[in-house]
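The structure appears below as structure tokens.
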Amino acid sequence: MAVSFAEARCLILDNCVSLETEDRPLLDALGQALSQDVVASRDLPLWDNSAMDGYAVRAKDCVSGATLAVTGCILAGGQPEPAIAPDSAARIMTGAPVPPGADAVVPFELAELKGERLSIPGKVCKGDHIRARGEDVGAGQAALASGSVLGPVELGVLAALGQSLVSVHRQARVAILSTGDELVAPGQPLAASQVSDSNSFALGAAVKAVGAVPQLLGIASDDRESLMGSLLKAAGADVLITSAGVSAGERDLVREVLCELGWQELFWKIQLKPGYPTAFGLLNGRPVFSLPGNPVSALMVFEQFVRPALLKMMGHRNILRPLLKAVLKESVRKKPGRLNLLRIRLCQEGQQLVAYSAGDQKSGILSTSLQANAVAMLPMERHEFAAGEEVEVQLLGAFLPEPNDQI
Ligand code: AMP
Ligand code: MG
């Protein structure tokens, strides 16, 4: 019995558990998720320092008509300076520690040096141009939350707090097997009735894009021995993805061979188009996704089910793509009984997000996906949608309308 989209999601996510954590050098952790909250072990900045090149002063000395003696120069990274005496100032550079007694910095361009004496025409307030200790992040404050994705800003904050290593869930190793007698590796000549294996590369790239590590097992033919031999090569992987050979065809043997290896099948078939003949189960406790062979179906099922599963295993907090509402530009008909994923081109028209079909929706036509920046999720029970109707859409990445999208 086919499961619903929501049931498939639950069964998958319930059976995919977090991988172990490890400490990694900051740059090697780009794109991975923090495995624990980060609490600042010290103030950032660690001491009051100047935000400008200028003069460190006592605000109360800077009254109209007063002049100050200039004593010393404080450089970034320099030694601590003596306190600023009344009616005095010290030259100070950006990032240098504010000396005791001083409570403001006057930028060079707002001060006038006449001979040995400094006058400041404008008003000076306590705290002007000083970066106060702890104003960025205070010691003991939660700086980053567990599950956050480590990008340039997060890694910058960790480095600023003095961390050289960061604890993350390790990257999932994902074995990928293409199956089918008709398949040939790209670059090899094609005989009649053969096709280039595109799924290994599309799925491998999708695995890399979520921050996991693909292991391409190549192509198995549609026979028991070949499938068995290839599936055994996945033993060291955390997750196995197969494509094709999972429908009702004469030589669709993937599930049978997985069964012989002892997998626990959790479902076969999802009420979904494209992606209906998908199977999911556990082999030695590890998730196995058996995806349909059609290139569009394989990638769509990856996007909806494998991607969130891998992100969960790698400790991410946000594992699902954002859902928005958009207005259909064209009417759409579908058969009831399956949730349809319609590849669309989402555009901003005035205040409205509108959805155009990205092209031919057949599940063998991958090139339509080149035009798509989102998918419309057309509910299972419906069969007709009028132009102008609002539907739920899922972004496939960041939504950046191109200039010609703005009509
Ligand atoms: P199947 O699921 O085995 O019935 O395959 C469905 C369709 O997907 C067939 O037209 C296959 O030739 C095609 N197909 C299967 N695997 C791949 C692959 N790795 N790369 C490109 N096309 C594939
Ligand atoms: Mg096949």
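In this text, residue positions in the sequence shown follow the working numbering: the first is 1, and each later residue adds one. Beta carbons: idealized from backbone N, C-alpha and C, even for Gly. This one's a predicted model, so the numbers in the text were calculated from it and none came from an experiment.
{"query": "Spatially closest choice to residue 246 from 341, 186, 265 and 62, by CA coordinates", "result": "265"}
{"query": "Residue 67 and residue 119 closer than 7 angstroms at C-beta", "result": "yes"}
{"query": "Beta-carbon contacts of residue 104 that lie in its chain and below 8 angstroms, excluding the five residues immediately before and after", "result": "56, 57, 58, 59, 62, 124, 125, 126, 127, 128, 129 and 130"}
{"query": "Run of the beta strand (DSSP E) containing residue 373, from where it starts to where it stops", "result": "Per DSSP, residue 373 belongs to no beta strand (DSSP E) and is neither H nor E."}
{"query": "Nearest residue (CA-CA) to residue 35, options 311, 370 and 385", "result": "311"}
{"query": "Proximity of residue 329 and residue 354 at Cβ, strictly below 7 angstroms", "result": "yes"}
{"query": "Stretch pair the segment 189-196 + the segment 290-300: three plus CB contacts closer than 8 angstroms", "result": "no"}
{"query": "Integer Cβ distance of residue 243 from residue 282, believed to fall under 8 angstroms", "result": "In fact, because the Cβ distance is near 19 angstroms, the residues do not count as touching under 8 angstroms."}
{"query": "Limits of the unbroken beta strand (DSSP E) element including residue 283", "result": "279-283"}
{"query": "Alpha-carbon to alpha-carbon, residue 158 and residue 436", "result": "Past the boundaries of the shown model lies residue 436; the chain is included only from 1 to 407, so the question cannot be answered."}
{"query": "Pick from 221, 227, 138 and 237 that is closest to residue 170, judged by C-alpha positions", "result": "237"}
{"query": "Whole-Å CB distance - residue 83 paired with residue 97, under 8 angstroms assumed", "result": "12 angstroms between Cβ atoms; not a contact."}
{"query": "Alpha carbon of residue 257 to alpha carbon of residue 147, nearest angstrom", "result": "37 angstroms"}
{"query": "Three-state secondary structure assigned by DSSP to residue 218", "result": "strand"}
{"query": "Quiz: which residues have CB nearer than 7 angstroms to the ligand AMP non-hydrogen atoms", "result": "178, 179, 180, 182, 183, 195, 196, 197, 198, 199, 200, 243, 244, 245, 246, 247, 249, 252, 277, 292, 293, 294, 295 and 364"}
{"query": "Proximal residues to residue 19 (C-beta, below 7 angstroms), its chain only, five neighbours per side dropped", "result": "169, 170, 172, 238, 313 and 314"}
{"query": "Candidates 344, 381, 373 and 307: closest to residue 337 by CA position", "result": "381"}
{"query": "Residue 44 classed as buried or exposed, judged by whether at least 16 other C-beta atoms fall within 10 angstroms", "result": "buried"}
{"query": "Cβ of residue 220 within 7 angstroms of any chain D Cβ", "result": "Of the protein chains in this structure there is only one, and it is not chain D."}
{"query": "Simplified DSSP state of residue 309, which is helix, strand or coil", "result": "helix"}
{"query": "Three-way DSSP call (helix, strand, coil) for residue 302 in this model", "result": "helix"}
{"query": "Boundaries (first-last residue) of the beta strand (DSSP E) holding residue 340", "result": "339-349"}
{"query": "Cβ-Cβ separation, residue 143 to residue 38 (assumed contact under 8 angstroms), whole Å", "result": "5 angstroms"}
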